[in-house]
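Residue numbers (the UniProt record's numbering): 1 to 227. Just so you know, even glycine gets a beta-carbon here, dropped at the ideal spot from N, CA and C. Remember, it's a predicted structure, so these values are computed and weren't measured experimentally. Presented below is the structure to which this report refers.
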Amino acid sequence: KLEKQPKDLAIKTQKCDDLLSEITILTAKQTERKSRALEKKQIVDEQLIIIEKEKHEAESQLQETIPALLEAQQGLDTLKATDITEMRSFANPVDTLRLIGYCMLIYLGHPSITWKDVRGVMADMKFITNLKTRDPDLFTSKQAVQLKIYLKKLEEKLDPNHIYSLYDKSERDNKLLTLMSNVSRVGGSLFKFIHAIDNYMDKYRETKPKKDRLISIENDYEINLTE
């Protein structure tokens with residue numbers, strides 16, 4: 001009986017040691033999980049701050065161009081059917097009218113760029129509505145570059161001697177708008193609208209990488225929330 005007691009004690013001691021070891025391991029795992037959870041929360045909180053900041057910056061940059069775009073759209077509303085008919089009536093228009101017509105076709109995503117296409121598009125009763133409701137965010141980079149090329153050609157025709165090249169952009173645009181409006185009322189309105197679109201696209205290209213990064217961060221944020 002006396003010999004059995006030390007053995008029983010050793011067994012009980014071992015069981016206690018095993019239990020303590022198990023408790024220690026479980027405690028360590030819980031501590032580690034808690035630490036990971038806190039780290040994850042910190043990452044999620046930081047991502048949320050970045051998301052809000054970058055979203056605000058991207059939206060603010062685009063918002064800068066909206067007033068001019070809305071004003072240009074309102075200018076299109078002032079056009080009369082007779083104004084549009086007058087522009088369509090030219091079989092061989094001056095270069096400035098032809099080029100602004102091409103710019104319009106590019107913006108509308110027309111498959112071909114000819115004066116015949118310009119006249120056909122302007123014959124549509126929904127011509128102005130089609131211009132106003134076209135989503136500029138769907139404009140491709142290729143179309144944006146093509147638009148800028150034709151717009152540059154048009155500006156060269158309006159100011160061949162580069163009289164206004166030293167003016168600041170806003171003042172130069174106003175001078176060119178006046179010259180275009182002197183050629184044609186419709187041409188002037190289209191010029192103002194296309195210029196507003198071009199400025200919007202410049203800002204959109206600036207914010208596009210930021211928007212793409214924002215989408216990536218938002219995806220990571222959603223994943224971190226569910227883990």
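In terms of Cβ geometry, Tyr-164 and Leu-154 do not form a close pair [threshold 8 Å]. Sorting Gln-61, Ala-58, Arg-88 by C-alpha distance to the C-alpha of Gly-187 places Arg-88 at the top. Taking Asp-124 as reference, the option from Asn-219, Asp-45, Thr-85, Asn-199 with the minimal CA-CA separation is Thr-85. In terms of CA proximity to Leu-138, Tyr-200 leads the group Ala-72, Leu-190, His-195, Tyr-200. Between the region 111 to 129 and the region 94 to 103 there are three or more inter-stretch CB-CB distances shorter than 8 Å, so the stretches are counted as touching. The C-alpha of Ala-68 lies about 56 Å from the C-alpha of Glu-32. By the neighbour-count definition (other C-beta atoms within 10 Å, threshold 16), His-56 is an exposed residue. Contact between the region 57 to 77 and the region 188 to 207 is present, with at least three C-beta pairs closer than 8 Å. Between Ala-196 and Ala-72, the alpha-carbon positions lie close to 7 Å from each other. The Cβ-Cβ distance between Lys-148 and Asp-198 falls below 8 Å. Going by C-alpha positions, Gln-30 is about 53 Å away from Pro-136. Residue range 66 to 77 is occupied by the alpha helix (DSSP H) that includes Asp-77.
Boundaries for Tyr-164: no alpha helix (DSSP H) harbours it, and the DSSP string shows neither H nor E there. Taking 8 Å as the upper bound for CB-CB distance, Leu-97 and Phe-90 are in contact here, some 7 Å apart. The shortest CA-to-CA distance from Gln-143 to any of Ile-128, Gly-109, His-162 is the one to Gly-109. Counting along the chain, Gly-120 sits inside the alpha helix (DSSP H) bounded by residues 115 to 122. Closest in alpha carbon position to Phe-191, among Thr-13, Thr-178, Leu-166, is Thr-178. Taking the Cα positions, Asp-17 is about 49 Å away from Ile-50.
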